[in-house]
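To keep things clear, I will list the structure first and then write my remarks on it.
Protein chains: 2
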Amino acid sequence: MSHLDALPADATTTDQADSRPLLRIQEVAAMLGLTTRSIRYYEEVGLLEPAARSEGAYRLFDEDDVERLRFIKGLRDDAGFSLAEIGQLLEDEAARTRNRARFRTSRDVSERRAIIDDALDRIDRQIASLQEKQDRLAEMIGEARGRRDHLLSHIAELESGVEPAPHEHASPAAKRTVGRARAR
Amino acid sequence: MSHLDALPADATTTDQADSRPLLRIQEVAAMLGLTTRSIRYYEEVGLLEPAARSEGAYRLFDEDDVERLRFIKGLRDDAGFSLAEIGQLLEDEAARTRNRARFRTSRDVSERRAIIDDALDRIDRQIASLQEKQDRLAEMIGEARGRRDHLLSHIAELESGVEPAPHEHASPAAKRTVGRARAR
DNA sequence: TCTAACCTTTACGTGAACGGCAAGGTTGTG
DNA sequence: CACAACCTTGCCGTTCACGTAAAGGTTAGA
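Residue numbers (my numbering), protein chains in the order written: chain A, 1041 to 1224; chain B, 1041 to 1224.
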């Protein structure tokens, strides 16, 4: 299912009151929790290109632009990618997306197929990158859990035989059966 | 020549008869894939404090320091936390580590218990942070998979309505190694 | 003892990712 | 038409996370 916001019909832009609502930079920024400066900067470094410009050169963003920006923000905030890495992940997807519209009318099947395959490859790379990052995170969580268990074993040690043991690192591996107080 | 005063019998660079080996900054750096500058910087911003200094003020790192640095690197590279956030996660764990020395000598069980409980809380917060980040990553992966499926449906659409394409593509779930070295 | 290879602090430089003006043009509303 | 509230480009400033010398002290080995 889609994840698009149902935005109010009230468009502050040139109301061509039809298919695609176009938003100005401030609206997009507020909507996504970005600053206008950031959005302009992303454009400056080639991460996106607004769908259109008004007569007076105002940037006008469509649904896809917003979606793309949301993705960028996610990659930056949640995944912690640099803008350069994000650029790699997005590559020239914008151009490709535009191409998709162009080739929708194409009757050359193999060409259409090639375009879609290309997009698929790119998405697969995106997923692989994210997955890789998630795996490393999982590993770190595992390590943290290990440290946690280690501490729990110390607690168990305290609660049972309370004498201050000689205590040097590395407790016996037999201490694995520590009751789980509360995890996660 | 500097003043040679009463000096604790050890004061060694490479391990002597001492139980724990102390490493110099370059060794630690090479070992972890960090630069010496980074390590000094982390100390500068309060992320760690080397276990000791040599007589000539060389930084000397023990196992715990290395472990801590490895954790910091993970939080930075894999989880994408800023050094400020890492500082939050590590809090004044350094001071707590010093407390552990007191802990070892303390015979007061409730005090020992308190120290451990505190450490446990901190680790739980670390895990929660990592978990949260992992959840958001999972969400992003889900969205990417959604886009992928969408594309696949387009492919199916193409394949059903036309004659077979001359050459085929790689299998759908081919896991391609996107082995990119991280910059910096 | 001498020396190469480390290390120290101090300090200025740098790229990334914006923040924040200024000076001026554009848009919707009264 | 007036005007506030947007927007534009241009440009300089800032924070973070280091890089890169400079000037000198320390350590281990021959």
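Beta carbons: idealized from backbone N, C-alpha and C, even for Gly. This one's a predicted model, so the numbers in the text were calculated from it and none came from an experiment.
- In the three-state DSSP reduction, A:ALA1091 falls in the coil class, being neither helix nor strand.
- Taking C-beta atoms under 8 Å as the contact rule, A:ILE1195 and B:ILE1156 qualify, at a distance of about 6 Å.
- Separation of B:ALA1184 and B:HIS1190 (C-alpha to C-alpha, rounded to the nearest whole angstrom) is 10 Å.
- Sixteen is the threshold: since fewer than 16 other Cβ atoms of the shown chains lie within 10 Å of the Cβ of B:SER1200, the residue is exposed.
- In the DSSP assignment, A:THR1075 falls outside any alpha helix (DSSP H) and carries neither an H nor an E.
- With respect to the 9 Å criterion, A:LEU1170 and B:ARG1188 are not classified as neighbours on the basis of their beta carbons.
- Between the alpha carbons of A:GLU1151 and A:ILE1112 lies a gap of roughly 29 Å.
- Per the C-alpha coordinates, the member of B:LEU1130, B:ALA1070, B:SER1094, B:ALA1154 positioned closest to B:ARG1162 is B:LEU1130.
- Between B:LEU1074 and B:ASP1102, the C-beta spacing is not below 9 Å.
- Under the three-state reduction of DSSP, B:LEU1177 is assigned to helix.
- Assignment of B:PHE1101 by DSSP, reduced to helix, strand and coil, places it in the strand class.
- Annotation: Cβ neighbours of B:GLN1166 in chain A (cutoff 8 Å, chain order): ALA1184.
- With contacts defined as CB atoms closer than 9 Å, A:GLN1174 and B:ILE1181 qualify as a contacting pair.
- Per the coordinates, the alpha-carbon of A:TYR1098 lies some 44 Å from the alpha-carbon of B:TYR1081.
- Distance between A:LEU1072 and A:ARG1110, taken at the CA atoms: about 7 Å.
- Membership of B:GLU1125 in the alpha helix (DSSP H) is indicated by the continuous run 1123–1130.
- Under the Cβ criterion of 9 Å, A:ASP1157 is counted among the residues facing chain B.
- Between B:ASP1117 and chain A, the shortest Cβ-Cβ separation is below 9 Å.
- Sorting A:GLN1128, A:LEU1088, A:GLU1179 by C-alpha distance to the C-alpha of B:LEU1115 places A:GLU1179 at the top.
- Here DSSP, grouped into helix, strand and coil, assigns B:LEU1160 to helix.
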